[in-house]
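Here the protein sequences line up with chains A and B, keeping their order. So the first sequence is numbered by the numbering used here: it starts at 3 and just counts up by one. So the second sequence is numbered by the numbering used here: it starts at 43 and just counts up by one. Yeah, the Cβ is synthetic: ideal placement off N, Cα and C, and Gly gets one too.
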Amino acid sequence: MEINSRTENDVTIVAVSGSIDALTSEQMLAAFMKEIESGAAHLVADLSGVEYTSSAGLRCLLTVQKEMRQKGGDFRLAGVQPNVLKILKLSGFTRLIKMYDSVAEAAASFSGE
Amino acid sequence: MSAKKVALVIGSGSVKCAAALGLMKVFEREKINVDMVVGCSGGSLYAATIALGWSTQKAIDETLRLWTRDVTAARNWGAYLQLFGLRRFDERFGLVNDKLIRRRLSEAFGNTNLGNTQIPLFITATDFYSGEQEVMHGSQYSLQDALRASISIPYIFAPHKIGERYFVDGYLSDPLPVGVAIREGADVIIAIGFESPYQTRVSSILRYAFEISSITSNNLLQSNYAFHNLAHHSEIIPIMPEFEHRIHLFDTDKIPYVIDAGERATEEQLTYIRKLLES
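If you want it as structure tokens, here you go:
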């Protein structure tokens with residue numbers, strides 16, 4: 003798994019690539035928690051490079067969302083690929099987390115909030 | 043190969059559930075053992091063949107013989123009398139005469155009970171009067187009774203009576219009963235589940251009823267799957283075969299295609315499954 007973070011106009015973007023599963027989800031969670039602890043208020047997960055997520059990945063995404071909300075911020079997904087989208091839909095996560103086609107759209111969604 | 047307890051859960055989905063046979067082809071080749079099998083509705087038929095240790099070919103042959111269009115051809119005229127108020131209405135309502143499906147189940151599975159399968163087998167149905175999921179396991183349940191109960195498609199087959207209780211289709215309590223595997227202590231859960239297809243056109247009261255049923259069961263599938271994902275301590279690996287063509291309830295001629303799709307979907311997850319079992 004590869005994880006790269008950057009901040010653009012007050013929005014922290016964490017780009018993930020590879021599979022999110024029991025073997026990699028802790029690494030991903032640590033990367034997101036680092037950004038949350040650094041004070042990120044607007045967080046976007048760029049999942050355009052993720053081909054698969056298992057239950058461990060879903061739990062990780064939900065933890066990030068809960069942490070962000072507790073701290074008064076918000077968390078959004080961008081570029082979700084069809085295979086991952088199918089799993090997010092099956093598990094009802096599309097009803098819990100806001101999703102956008104691109105990072106630009108996800109970042110723009112924070113403006114005015 | 044692994045100390046992790048592996049469960050295979052096959053949800054409702056009629057003929058699409060044959061994808062589980064494709065998964066087993068891959069698992070057999072890779073020598074990945076399954077420690078328990080859970081089946082619901084159409085998935086219970088394939089769960090049974092896997093738990094009994096049948097070869098993929100025997101499972102295909104038997105399920106092709108078992109599940110043919112003519113199992114719903116004979117009408118249950120008593121139900122029509124019930125519909126028009128000419129007979130007292132009760133819970134034994136089902137538009138199809140189930141004699142043929144019961145005979146087929148008997149021919150295929152004989153007197154086997156749920157206590158003497160090669161791999162522990164759990165079949166789910168739904169208690170008609172309480173709505174609760176019933177997990178059938180152990181020698182007190184005959185396999186053919188459990189299967190008949192699990193496939194009691196509402197309106198089509200009457201609820202099945204076992205003892206003093208009536209059971210309807212397992213999908214009504216959980217279309218993908220992953221919770222059974224969690225309760226039984228599984229670590230890695232391989233889940234094959236399918237959403238119910240929506241109608242493209244509603245031209246009869248039965249199609250209307252099916253549409254309502256699909257809406258309800260798909261929402262139930264999502265809610266339960268979300269809950270189980272969050273509740274489980276280890277991994278739930280969804281295997282979701284892609285079908286380019288719509289698969290209908292009795293499209294048994296498409297079983298080889300469905301099995302191939304199951305095999306491909308499993309191959310996609312194989313590297314990860316192996317790593318997980320070896321970790």
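Chain A residues whose Cβ lies nearer than 9 Å to that of residue i
i, result
"residue 318 of chain B", "23, 24, 25 and 56"
Under 7 Å by beta carbon: chain A residues contacting residue i
i, result
"residue 274 of chain B", "57"
"residue 321 of chain B", "25"
"residue 303 of chain B", "Those do not exist, as residue 303 of chain B stays about 14 Å from chain A at its closest Cβ, beyond 7 Å."
"residue 314 of chain B", "21 and 23"
Exposure label - residue i; buried when at least 16 CB within 10 Å
i, result
"residue 254 of chain B", "exposed"
"residue 132 of chain B", "exposed"
"residue 173 of chain B", "exposed"
"residue 165 of chain B", "buried"
"residue 294 of chain B", "buried"
"residue 58 of chain B", "buried"
"residue 266 of chain B", "buried"
"residue 136 of chain B", "buried"
"residue 195 of chain B", "buried"
"residue 84 of chain A", "exposed"
"residue 246 of chain B", "exposed"
"residue 287 of chain B", "exposed"
"residue 50 of chain B", "buried"
Residues bridged to residue i [DSSP beta-bridge criterion]
i, result
"residue 78 of chain B", "B:49"
"residue 55 of chain A", "A:22"
"residue 280 of chain B", "B:233"
"residue 169 of chain B", "B:209"
"residue 300 of chain B", "DSSP, once it has assigned bridges, lists no residue as partnering residue 300 of chain B."
"residue 264 of chain B", "Note: residue 264 of chain B sits in no beta bridge, so no partner."
"residue 180 of chain B", "B:156"
"residue 97 of chain B", "Per DSSP, none; premise fails for residue 97 of chain B."
Contact set between residue i and chain B, taken where Cβ atoms lie within less than 8 Å
i, result
"residue 94 of chain A", "264, 265, 267 and 268"
"residue 64 of chain A", "272"
Neighbouring residues, chain A, relative to residue i (Cβ below 8 Å)
i, result
"residue 278 of chain B", "56 and 57"
Contacts of residue i in chain B (Cβ-Cβ under 7 Å)
i, result
"residue 60 of chain A", "271"
"residue 89 of chain A", "280"
C-alpha gap between residue i and residue j, whole angstroms
i, j, result
"residue 61 of chain A", "residue 71 of chain B", "31 Å"
"residue 28 of chain B", "residue 80 of chain B", "Within the shown structure, residues of chain B are numbered from 43 to 321, placing residue 28 of chain B beyond reach of any answer."
"residue 76 of chain A", "residue 70 of chain A", "5 Å"
"residue 170 of chain B", "residue 53 of chain A", "41 Å"
"residue 257 of chain B", "residue 249 of chain B", "12 Å"
"residue 16 of chain A", "residue 58 of chain A", "18 Å"
"residue 145 of chain B", "residue 46 of chain A", "57 Å"
"residue 107 of chain A", "residue 37 of chain A", "20 Å"
"residue 308 of chain B", "residue 163 of chain B", "21 Å"
"residue 290 of chain B", "residue 110 of chain B", "12 Å"
"residue 269 of chain B", "residue 216 of chain B", "12 Å"
"residue 40 of chain A", "residue 19 of chain A", "22 Å"
"residue 285 of chain B", "residue 304 of chain B", "10 Å"
"residue 96 of chain B", "residue 78 of chain B", "15 Å"
"residue 190 of chain B", "residue 224 of chain B", "24 Å"
"residue 60 of chain B", "residue 98 of chain B", "10 Å"
"residue 21 of chain A", "residue 85 of chain B", "28 Å"
"residue 159 of chain B", "residue 150 of chain B", "14 Å"
"residue 318 of chain B", "residue 97 of chain A", "29 Å"
"residue 67 of chain A", "residue 7 of chain A", "17 Å"
"residue 56 of chain A", "residue 31 of chain A", "14 Å"
"residue 316 of chain B", "residue 213 of chain B", "30 Å"
beta-carbon residue i near the ligand FAD non-hydrogen atom, thresh 7 Å
i, result
"residue 200 of chain B", "The model on display carries no ligand, and the ligand FAD is accordingly not part of it."
Flag this pair as touching only if the region 90-104 of chain A and the region 195-212 of chain B have three or more C-beta atom pairs under 8 Å; answer yes or no. no
Report yes or no: do the region 108-120 of chain B and the region 163-178 of chain B share at least 3 C-beta pairs separated by less than 8 Å? no
Taking contact to mean at least 3 C-beta pairs separated by less than 8 Å, is the region 46-54 of chain B in contact with the region 294-307 of chain B? As far as the Cβ criterion goes, the region 46-54 of chain B does not touch the region 294-307 of chain B, which means the pair count is below three.
Could you tell me whether the region 98-111 of chain B touches the region 297-316 of chain B, where touching means 3 or more Cβ pairs closer than 8 Å? yes
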